[in-house]
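Chemist: First the structure, which I've put down as structure tokens, then a few questions once you've had a look.
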Amino acid sequence: MHEMAIAIPYSSSFLSLLLFSLLLLFESTNAQTNTNISLGSSLTTQDKKPFWASPSGEFAFGFQNIEPDGFLLAIWFDKIPDKTIVWSANRNNLAGKGSKVELTTDGRFILNDSGGNTVWYAKIPAGSRVSYASMLDTGNFVVANSDSAHSWESFDKPTDTILPKQTLGPGSILFSRRNAANYSRGRFLLTLQDDKNLILYTTFLYAEDPNSRYWVAETKCNQVIFNQSGSVYLTASNGSILKMLFTSDLSTRDFYQRATLDYDGVFRYYVYPKFRNAQWPEAWSALPKVIPSNICLDLMEDNGSGACGLNSYCTYDSIGNKPTCHCPNGYSFFDANDVQRGCKRDFSPQNCSQAMSEIDQFDFLEMENSDWIAADYETLNPATEDSCRQACLADCLCAAIVHQFPNCYKKRYPLSNGRSHQSISWKSLIKTRKENATFQLGDGDCKKKHRIPWNLILTGLVLLCCSVLLNFFLALSAIFRPTNRKSKTRVVDQHQGLQLFSYEELNMATNGFKEKLGRGAAGTVFKGVLTLDGIEKYVAVKRLENMVTENDAEFQAEVNSIGRTNHRNVVQLLGFCNEAQHRLLVYEFMMNGSLENFLFGDSRLNWSQRMQIALGTARGLLYLHEECSNSIIHCDIKPQNILLDDSFTARISDFGLAKILKINRTQTTTAIRGTKGYVAPEWFRHMPVTAKVDVYSYGILLLELVCGRKSFEAEAEDQNRMVLTDWAYDCYSETKLHLLVENDEEAMNDMKRVEKYVMTAIWCIQEDPSLRPAMKEVIQILEGTLSISAPPDPSS
């Protein structure tokens, strides 16, 4: 009895301990499998752990810090060191610090910025009884109702990647990202169309519409399935497999797997070992098969740049299955970090008014086994290579030729669809100025048949020495010359072809600076009369005032920049005065003055005139940004600086604030410049300043042109209308654009164009400069050759 009495309590204790252990195990298991996110849960960018993990911890949903103050709401592989992103909600509109994603108590799933403005939300069907959300081990984030049915899931809204167990149905789209470091929407898309064709397209930035297709599955299907075994295939409506896209014998238990439309336009299947494996690197490895097999040769656009950007060409590494973009010698990338933007010339183009006299200044760089599809504008047949060269040299519009006897194709700028491959039998010859002949040739693709002209170099050195001595003695004579003596000799500036005027000449021309035309950022403009080339003409003389050392540099910058410009939408600089303390610039005279007078004054422009001015200003900015030998940032685009000639053609003026970008640079840092109301936000954030500051100012100007009012009206009866940018976006988002032009009958009858122009302006004034279009894209949108997608709230 005693032993039994001892045994019973021992057994009870053991059973209690066993039950307690089982309970702990159950709770632990339950905690691992039950990762439901309850209503009212939220994450912020400032949380120590700003994500929700899947039960296994292989996937996570939350915030990734992409930029110093930019967060992507995303899903990623969480056990991989680089946290590879497979889905994102706000790829085109990064969230700032303090942003919050929340599953609200009333069942909404939303992303708000620190000010409470909605950046993104999940489109959950009305009437859904949302109960919870969950990050699943498949990589699918779901919002579910009380019956566990999915009201919304990330698998239904892919970005650029699909995962095992994911399916693409009709209407599904994958968009590539912009580049390796930029997750915003890029140039390529893969879509299963409603007609059941699976197709790869190029697309334009800032637009969702496809442009040129470069691969077709050639088998109509009902679905694209990525199964758990690691195969991607097309199926019919009855589930039968029609075509295999990718197949792998690697188990999803041992390898992470994904299929991604990469930023270079190639659809690839990737694997990553979950455990250390001597046969596999700890990195993503692409399977040998890629789609298409060679994008450089497969992609050919009639209206676009090709696999690479304009003026660049594509080569393909068949071992690494990867295309590479190159610039021809004499050209350089607009942005080395985004090579698909294309290349620009590093030399001034041939002057069409002096094409024949400039023939000796140009030569060709040869590229064997290459072609530039769809950029030709004239064909010569029969033509030898020599006659082909001569025809291009004599033609200022000819930027390159492609030759294979007896055919010669002349190509205009910008060049498109460039590719180089051993299978191509054509030879390309790129026209460049001879001064570029000393550039080091890259990639072995180009050969320059040109010897260094030592005789010309020696002659130049002798002339340079003589010039230095001559200038030295002239300087001495100027020092000891009486100060009241005025030179009336008119000299042609050796660099720019500008006329150099004396102060006395300009004083007389303006009748003692009597008739004031206006006042700019750096001085006052007066009307004058000068005899130029034997003809008496009205001119505008800008007298720069309060000149000190740094302003003298500003004067030199303006002379150097404007002296090189020659465009119908840019005011022409005719000459200057640089005498003692006097700094003056002589411009063409614009009969109708500034846009400000006709936009906000008593004499109003009609709708058609305003739209032509908008387009002309855009063309002028494109010229300054991309077509000058040195890109020019204006920094002060506003109605006062848009002048109108006698036919009301827009002419950009006042480069007093222009910042010159050196060749191969796309951004610069400078003090805050411009005019309040038109200044881009990056001026105040110590961010690099690019040509996108002009795009922002142009967006404000475009809204003013559409609405016929100032960007800020303090006396507006409705406070919601005080700030034009806010009111314009409100009208757009609420489908009330007619309110912007309700007093303009002509505009009311052209609401499609009103909508397009307002949408373009909203894209231009995005706070994130990378979201703003380039001026070339703005022009294409305004002209109707490029479609435009819905813009986000510019203040978000």
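Numbered per mature numbering (1 follows the signal peptide of the UniProt record, and there is no 0), the sequence shown spans residues -31 to -1, 1 to 765. The beta-carbon is built from N, C-alpha and C at its ideal position, and this holds for glycine as well.
Out of Gly76, Ala205, Gly85 and Arg156, which has the shortest C-alpha to C-alpha gap to Leu137?
Modeler: The option with the nearest alpha carbon to Leu137 is Ala205.
Chemist: Could you name the residues of the same chain whose beta carbon sits closer than 6 Å to that of Trp89, not counting the 5 residues immediately before and after it, in chain order?
Modeler: Closer than 6 Å at the Cβ level, and outside the excluded window around Trp89, lie Ala58, Asn59 and Leu80.
Chemist: Whole angstroms are fine: how far does the CA of Thr13 sit from the CA of Leu751?
Modeler: Approximately 39 Å between the Cα atoms of the pair.
Chemist: If you reduce the DSSP assignment to three classes, tell me which class Cys546 lands in.
Modeler: Three-state DSSP puts Cys546 in a strand.
Chemist: Of the residues Arg488, Leu169, Val55 and Leu159, which one's Cα is nearest the Cα of Trp184?
Modeler: With distances taken between Cα atoms, Trp184 lies closest to Leu169.
Chemist: Is the Cβ-Cβ distance between Gly31 and Pro19 less than 9 Å?
Modeler: Yes, the pair counts as a contact, with Cβ atoms nearer than the cut-off.
Chemist: State the DSSP-derived secondary structure class of Gly85, mapped to helix, strand or coil.
Modeler: Correct three-state label for Gly85: coil.
Chemist: For Thr171, tell me which candidate among Asp163, Cys277 and Lys66 has the shortest Cα-Cα distance.
Modeler: For the residues Asp163, Cys277 and Lys66, the minimum Cα distance to Thr171 belongs to Cys277.
Chemist: Roughly how many whole angstroms lie between the Cα atoms of Asp695 and Ile748?
Modeler: Rounded to the nearest angstrom, the two C-alpha atoms are 24 Å apart.
Chemist: Classify Leu279 as helix, strand or coil using the three-state DSSP reduction.
Modeler: Reduced to three states, the DSSP call for Leu279 is coil.
Chemist: In whole angstroms, what is the alpha-carbon distance linking Trp341 and Glu684?
Modeler: Going from the Cα of Trp341 to the Cα of Glu684 covers about 57 Å.
Chemist: In three-state terms, what does DSSP make of Trp652?
Modeler: Trp652: helix per DSSP, three-state reduction.
Chemist: Smallest Cα separation from Thr216: which of Gly273, Val259 and Lys243?
Modeler: Comparing Cα-Cα distances from Thr216 to each of Gly273, Val259 and Lys243, the minimum goes to Val259.
Chemist: Any idea if residue 798 is buried or exposed, counting beta-carbon neighbours within 10 angstroms, 16 or more meaning buried?
Modeler: Nothing can be reported for residue 798, as the shown portion of the chain is limited to -31 through 765.
Chemist: Between the Cα of Ser209 and those of Ile194, Ser198, Gly311 and Pro24, spot the shortest distance and give me the residue it belongs to.
Modeler: The candidate whose alpha carbon is nearest that of Ser209 is Ile194.
Chemist: Check for me: the beta strand (DSSP E) holding Ser57 runs from which residue to which?
Modeler: Looking at the DSSP string, the run of the beta strand (DSSP E) that includes Ser57 is Ile54 to Ser57.
Chemist: If you draw a straight line from the alpha carbon of Asn718 to that of Phe617, how long is it in whole angstroms?
Modeler: So the alpha carbons of these two residues sit roughly 23 Å apart.
Chemist: When the Cα of Ser281 is compared with those of Pro257, Ile393, His372 and Tyr382, which residue comes out closest?
Modeler: Minimum Cα distance to Ser281 is reached at Tyr382.
Chemist: Excluding the 5 residues flanking Leu425 on each side, which residues of the same chain have their C-beta closer than 7 Å to its C-beta?
Modeler: Unreliable placement is indicated for Leu425, whose pLDDT of 44 sits below 50; no coordinate value is reported for it.
Chemist: Is the segment 605 to 622 touching the segment 538 to 546 in the sense that three or more CB pairs, one from each, lie closer than 8 Å?
Modeler: The answer is yes - the segment 605 to 622 touches the segment 538 to 546, with three or more Cβ pairs under 8 Å.
Chemist: Near Phe333, what residues of its chain come up, given a Cβ to Cβ distance below 7 Å and the 5 sequence neighbours on each side ignored?
Modeler: Excluding residues within five positions, the ones whose Cβ falls inside 7 Å are Arg358, Leu398, Ile399 and Lys400.
Chemist: Check whether the Cβ atoms of Asn566 and Asp615 sit closer than 9 Å, and answer yes or no.
Modeler: Cβ atoms of Asn566 and Asp615: not closer than 9 Å.
Chemist: Can the beta-carbon of Pro94 be found closer than 9 Å to that of Ser120?
Modeler: Contact: yes.
Chemist: Taking all protein chains shown into account, do 16 or more other C-beta atoms lie within 10 angstroms of the C-beta of Ala247, making it buried, or fewer, making it exposed?
Modeler: Ala247 is exposed by the Cβ-count criterion.
Chemist: How would you label residue 768, buried or exposed, when you count the other beta carbons within 10 angstroms and need 16 or more for buried?
Modeler: Any answer about residue 768 is impossible in this case: the structure gives the chain only from -31 up to 765.
Chemist: Alpha carbons only, please: which of Ser758, Lys511, Lys721 and Arg722 is nearest the one belonging to Val494?
Modeler: It is Lys511.
Chemist: What does a CB cutoff of less than 6 Å around Tyr378 pick up in its chain, not counting 5 residues either side in sequence?
Modeler: So the list reads Asp345, Thr348 and Val371, once near-sequence residues are dropped.
Chemist: CA-CA distance, Gly273 and Arg310?
Modeler: Roughly 12 Å between the two C-alpha positions.
Chemist: Grouping DSSP H, G and I as helix and E and B as strand, with all else coil, what is Lys69?
Modeler: If DSSP states are grouped into helix, strand and coil, Lys69 belongs with the strands.
Chemist: Looking at C-alpha atoms only, which residue of Ser385, Gln581, Trp652 and Lys313 is the closest neighbour of Asp605?
Modeler: Comparing Cα-Cα distances from Asp605 to each of Ser385, Gln581, Trp652 and Lys313, the minimum goes to Trp652.
Chemist: Relative to the C-alpha of Gln609, which candidate in Val528, Glu71 and Lys679 has its C-alpha closest?
Modeler: It is Lys679 whose Cα lies nearest to the Cα of Gln609.
Chemist: Considering Cα atoms alone, identify which of Asp231, Thr229 and Cys190 is closest to Lys212.
Modeler: The option with the nearest alpha carbon to Lys212 is Cys190.
Chemist: Mind checking which residues open and close the alpha helix (DSSP H) that includes Asp267?
Modeler: Counting along the chain, the alpha helix (DSSP H) containing Asp267 begins and ends at Ile264 to Asp267.
Chemist: For Ser301, which beta-bridge partners are listed by DSSP?
Modeler: Answer is Lys313.
Chemist: Which two residues bound the contiguous beta strand (DSSP E) that contains Met104?
Modeler: First-last of the beta strand (DSSP E) with Met104: Val99 to Met104.
Chemist: Is it buried or exposed for Thr500, if we count other Cβ within 10 angstroms and need 16 for buried?
Modeler: Thr500 is exposed by the Cβ-count criterion.
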